[in-house]
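Structure first, commentary second.
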Amino acid sequence: MTEPRSVKISDDERGAWSSDRPRREGSGPPREPDLSTRCRVLRPADRMRYSPGSLVIVVSPSEAECERFLDRAFADEKGAVLSPRRIRTLIAGRVPDEMLDEKGAELRVAAALKRLEAGESTVVATEGLTAEERKVLLRTATGLRRPRHMILLDVGRDDLDEEQRDALNALRTALDIGELGKEGFQTAMRLGGAAVGELKRIVFRSPPKDD
């Protein structure tokens, strides 16, 4: 069996808040925390290993493709995965159908924050492509000094409208040139075409002593 490729974050890359000096009274609204860090662009392998306690955000324009990927790649880490479909299934029948998406999004974020605060590995599939949806998760993970990773599933382009296609193109470009560090990601990986199926397993394990 192929040994999973380790994704390691050095201590000086973990980061926390920057620009934390006090602001003078009356100097305007509080400054947004600076989450920026160096982001490494990873090449896919058939097996990947992230450090325990990491936050992995999976972004995809296709919910169906994303769910299939999560089911397969995180088969050994099912308890860490928080996706729209899984949360909707959990609360179905408990809230009105017209509120499933709204309540599901709230619960997904709340559950992710709880796991991060407990030091648990956390995988979150977002519903959209914008940075705004990822901000609260990255802010919390940065403050807790948790490793932060993105996986972009570059699939389903044919089903997107022009606005969504532009957002995907912008995200892909930012990832490819390492600019996702501005959001707080320490690594990012893009999977498209055959690479989506070639990545078989992702686990949260400490690297071997000699790795």
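So for the sequence shown, this note's numbering puts the first residue at 124; every next one is plus one. Glycine is no exception: its CB is placed at the ideal position from the N, C-alpha and C atoms.
Note the first and the last residue of the continuous alpha helix (DSSP H) segment covering residue i.
i, result
"Leu223", "Leu223 to Glu240"
"Val319", "Ala317 to Glu321"
"Val259", "Ala254 to Gly266"
"Ile210", "Pro207 to Ile214"
"Leu303", "Per DSSP, Leu303 belongs to no alpha helix (DSSP H) and is neither H nor E."
May I have the straight-line CA-CA distance separating residue i from residue j, to the nearest angstrom?
i, j, result
"Ala290", "Lys305", "17 Å"
"Asp281", "Gln287", "11 Å"
"Ala234", "Glu285", "32 Å"
"Leu96", "Arg172", "Only positions 124 to 334 of the chain appear in this structure, which leaves residue 96 out of reach."
"Cys189", "Thr245", "16 Å"
"Val259", "Gly316", "30 Å"
"Ala318", "Arg191", "14 Å"
For my contact list, residue i and residue j are in at a C-beta cut-off of 8 Å; report their separation, rounded to the angstrom.
i, j, result
"Ala203", "Glu256", "Not a contact, Cβ separation roughly 19 Å."
"Thr265", "Gly307", "5 Å"
My output table needs one value for residue i: the three-state DSSP class, helix, strand or coil.
i, result
"Phe308", "coil"
"Leu276", "strand"
"Asp169", "coil"
"Phe197", "coil"
"Pro270", "coil"
"Arg161", "coil"
Which residues mark the beginning and the end of the beta strand (DSSP E) in which residue i is found?
i, result
"Ala248", "Thr245 to Ala248"
Q | Three CB pairs or more closer than 8 Å across the region 312-332 and the region 219-230 | A | Too few Cβ pairs lie closer than 8 Å, so no.
(Q) Using 8 Å as the cut-off, can you tell me whether the region 177-184 makes contact with the region 160-168, which would need three or more C-beta pairs spanning the two stretches below that distance? (A) Cβ pair count under 8 Å is below three, so no.
Q.
Is it the case that the region 200-219 contacts the region 252-270, given that we only count it when at least three CB pairs across the two stretches are under 8 Å?
A. Look at the beta carbons and you see the region 252-270 not touching the region 200-219: under three pairs across the two are nearer than 8 Å.
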